Amino acid sequence: MIHQSLLRYRGGRYLWWAVGLSLGSVALYATQGGLQRHNGGTWQGYTLGTVGALLIAWLALLGIRKRSYSSTLGTVQGWASAHVYLGTALLVVATLHCSAEFGWNVHTLAYVLMAAVIVSGFVGLYVYFSNPSVISENRSGGSRGALFAELFDLDARARELADRCDPDTGLAVKSSIERTVLGGGVLKQLFALDDSRLMLAEAAAGQGTRLVSNTDQQTAIDWVAKRLPRAEKRAEAELLQALVGVLCRRQMILRRLRRDIRLNGWLRAWLYIHVPLTIALLAALLVHIVVTFIYW
Amino acid sequence: MRALLRQLRQTANRVAEYADTQIVADAITIGSAPDCHIQLLGHAVAPEHAVIRRSGSGLNVSARGGARITVNGAATSSSRLAPGDVVEIAGNRLSVLEQPPGFDAAFAVQQRADVSKSEFESGFRTELEQTWLSKRRTAWTLLLLVPLLAFAIPLATALLHRSGTVTPSWVADDTFWSAGPLTAAHAQAVGRKCEACHQQFFVHARDQDCRKCHDQVRDHVSPAHLALTKLGPPGRCGQCHEEHHAPGGSLIIRDDRLCVACHADAHGRFGSLEVQPVTGFAPGEHPGFMATVLEPPGSHEIERLGSISRGGGGDPEPQDWRPVRVPVLSGHEHSNLKFSHAQHLDGSRVQRTSDSKPLGCADCHTLAADGEHFAPIKMATACSRCHELTFDERSPERQLPHGKPRDAMLMIEDYYARRFSDPTMANAGPVRRRLPDSPVVDETCRDAPITCATRRAVFEITNQFTRRGCVSCHVVRDNGSADIHQRYEVQPVRLIGDYFTDTHFNHRLHAVQKDLTGDEACLSCHKARTTSESSVLMLPDIGKCLECHGDARARNRVTLQCASCHAYHSQS
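Protein chains in written order, with my numbering: chain A, 247 to 542; chain L, 164 to 735.
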């Protein structure tokens, strides 16, 4: 599994790098005090700041390295492993650099952006650990395309069965297929929100139709299921029975697809924070450095 | 608007069928979203693709934000619709029909029947990339916003402030670059004006900017003395005073190493200045204490610190008294005052007049408000409760004026002139019990009254200035003059106000020491019970301090830093 080898790359080599870097930073920090007050303005502070800034620049380079397929400068896996461990160590380095002094200023802005990038990275690491196995299990070893293909077939089968039912059932089932919501906007993908609807004929004939909620396809299933006891012929009962079966199978496939979209969404959502904030961090870092020397 | 919607479909066995539905709405929405009135599938259909509204007596279709529609084969973004027109959206056909009675409009919708499996899947938005989220766009926005808000705007405001332009308070200024809050006093004085201290970009806050306000602060070493050393120019204010660490951090860096850096190697760098080396506050690392006392004219004590000039006051040649530094244990003070602490603290010899108990330190010494110094001891308040300046037992209410020797002589002469000439006074008045140390005076005189009076007055003046009276406490110089008025000179008292200038010591904090309180605490440092000479300084040396204190390295000691006792900026 990629995520395991990410952390155990070469026996966790970069874990020891990160531990060494953190301990070194703590030791350097401890030499401040008294004459050298704990802050970024001492030689220890400048050293920690320089290490932190170089680390940030290098960590950001992963974005370039992983796109350079022809590069032979280490493996992407090795880079990613170092990225995770040294990125975590950066939190230690930067906190010691500023001696945990914060305020409403550009320096703290850079720190907050950095912390946000690192925390979003932790979220990313967490979903890389937890989601793939759940995704695989949810797909029963198949692909998303296979689920969609089955849904496509089920839709066709349900339409076919619905065509043979009474017009109201036909309208309900076919509109429920047309108005099935899968994915969609950010929130719908990430939280598997389902505002599927279906169209029902008004009770009084000729009074038009109305759209009603069909979350989780339950309204459509209930509609057909309620028709079942009232079936006058055996053939009709069998038809409705088959239709309920198809709709229930369809409900299950839709649930799996929604879960798949949600899990995959989270697998990538953190990058929408991590990447733009990294760019913002690089800008804030540059401002922080320039401003430090403007008023030093 | 009431519209009839006819959906044309082919059933599985290729039989055409239609289903009519009725829509009542102000506008008919078309798109892939499930809540649209007319839902069309396919990846080219936007969630809200187009909308149909009534326009006057007819209908109008308009595409939503960049969506593509064709009306009768012509691409458009908006078009009027008449019966017979055909709107095409991504392969789906929407035909406008003649409206039946009771309806405002009628449409026939024919959806694409050839949706493939792959197209079917792509009709759903299942990836975040298909939403409004965009890493690239957000990154670009932030890349512009951060330098603009955090750098460009504060820089522009800073430059405007420097040119004297006032900017609204809500506009971000260079305080956004502040490394931390200022100390409260500086924050009040400077406010948001960074340029008050940071005059030039990329240059440290300069001493001259500090001195704009702190113009009375003296250098640690005077320029004249500094020129004798190899120390070079003094350090920046910012070396010891570090701002932007409020409220937690102090403005002053009090680390001993700042002092020891120079003072440890005193001989190497101090040139011809005699400075004892200091490496810490521990035995052998700090020299013994030197007290500053006043040196009388003509003597040549250890170290001259320059003459003092007190100006006015009528003291004889005060400029000749010089402050000198002497070791606290072996040095002496020539104050022209005679006083025995041992005698006064001996309860068998001296008691308070009020309750007949032994004297305590506080009977004479009053701690000043600063907790360090003591109020000057005055004859009128401290001594005269016991020591009256009477001179004749027959007239115990008559006291000589203190501090005015000539007036005292005249008073003695006047008194005896009257006593020997006024018959009513000759033997009048009660004769008090004679004091043991007062001389036995033969009061019989058979000469002329003025002769007797003069002789008696000279006798008493001589007695006051040489045997008892003034001479008990003061040094009196006999110049042998024939004129009795000129003969005796009471030497002025020369006590220095502060033995340790430029150092701090808080007596109040030391009023309780371990298990010692009150006078016992005072006497643990000042050996007053055994000191009978006023020339002895009675000051403790460093060993006494080291009993309880030490520097940062010492264990089980109250830590003292250099700055705990020493002032860096000279106050004298």
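From the three backbone atoms N, C-alpha and C, an ideal C-beta is built for every residue, glycine too.
Since we're looking at a predicted model, the values are computed, not measured.
The DSSP-derived three-state label of Gln-273/L is strand. Of the candidates Tyr-374/A, Thr-461/A, Val-536/A, the residue whose Cα lies closest to the Cα of Gly-511/A is Tyr-374/A. Annotated as proximal: Ala-356/A and His-534/A, with beta-carbon spacing under 8 angstroms. The C-alpha of Ala-580/L is placed about 10 angstroms away from the C-alpha of Leu-573/L. At a C-beta separation below 7 angstroms, Gln-362/L has no neighbours in chain A, since its nearest C-beta there lies roughly 11 angstroms away. Residue contact check for Ala-427/L against chain A: no CB pair falls below 8 angstroms.
Cβ-Cβ distances below 6 angstroms link Ala-321/L to Asp-337 in the same chain, with the five nearest sequence neighbours on each side left out; the list follows chain order.
Neighbours of Pro-331/L in chain A, taken as residues whose beta carbon is under 8 angstroms from its own, are absent, since the nearest beta carbon is some 18 angstroms off.
Each of His-673/L, Ser-498/L, Glu-576/L, Gln-185/L was checked against the Cα of His-536/L, and the nearest Cα belongs to His-673/L. In the structure shown, Tyr-292/A adopts helical secondary structure according to DSSP, grouped into three states. Those residues of the segment 312–341 of chain L placed with their C-beta closer than 7 angstroms to a C-beta in chain A are Ala-313, Phe-314, Phe-339, Trp-340, Ser-341, ordered along the chain.
Between Val-427/A and Asp-441/A, the gap from beta carbon to beta carbon is short of 8 angstroms. Straight through space, the alpha carbons of Asp-714/L and Thr-722/L are spaced by roughly 5 angstroms. Restricting attention to Leu-439/A, Leu-446/A, Glu-482/A, the CA atom closest to the CA of Arg-504/A is found in Leu-439/A. Against chain L, the beta carbon of Phe-398/A has neighbours under 7 angstroms at Lys-280, Phe-283, listed in chain order. The C-alpha of Glu-396/A is placed about 31 angstroms away from the C-alpha of Ser-297/L.
In terms of Cα proximity to Val-249/L, the closest of Ser-240/L, Phe-270/L, Pro-703/L is Phe-270/L.
The beta carbon of Val-380/L sits closer than 6 angstroms to those of His-732, all from its chain and outside the five residues before and after it, given in chain order. For secondary structure counted as the alpha helix (DSSP H) over 4 or more consecutive residues, the segment 649–709 of chain L holds these complete runs in sequence order: 681–688, 705–709.
Inclusion of Arg-231/L and Asn-255/L in the CB contact set at 8 angstroms is not warranted, their separation being larger than that value.
For the pair Pro-564/L and Asp-555/L, the CB atoms are not nearer than the 8 angstroms cut-off. Between Leu-204/L and Ile-193/L, the beta carbon gap of about 12 angstroms keeps them out of contact (Cβ cut-off 8 angstroms).
Two segments are said to touch when three or more pairs of C-beta atoms, one from each, lie closer than 8 angstroms; by this definition the segment 484–492 of chain L does not touch the segment 504–522 of chain L.
Straight through space, the alpha carbons of Val-358/A and Arg-720/L are spaced by roughly 42 angstroms. Comparing C-alpha distances from Phe-668/L to each of Ser-727/L, His-712/L, Lys-541/L shows the shortest one belongs to Ser-727/L. Secondary structure of Ser-382/A (DSSP, three-state): helix. Counting of Cβ neighbours within 10 angstroms places Trp-325/A among the buried residues, the total reaching 16 or more. For Pro-197/L against Arg-425/A, the beta-carbon gap comes to about 4 angstroms, under 8 angstroms, which counts as contact. Cys-360/L is positioned such that its CB atom lies closer than 8 angstroms to that of Val-353/L. In the displayed model, Ala-545/L falls within a helix according to three-state DSSP. Taking CB atoms only, Thr-442/L has no neighbour in chain A less than 8 angstroms away.
For Tyr-578/L, the enclosing alpha helix (DSSP H) starts and ends at 568–584. One thing to note: Ala-209/L has its Cβ within 8 angstroms of the Cβ of Arg-227/L. Secondary structure at Ala-620/L: helix, using DSSP grouped into helix, strand and coil. Beta-bridge pairing by DSSP links Asp-641/L to Tyr-651/L. Look at the segment 404–419 of chain A: the residues with a C-beta under 8 angstroms from a C-beta of chain L are Arg-405, Glu-406, Asp-409, Pro-413, Gly-416, Leu-417.
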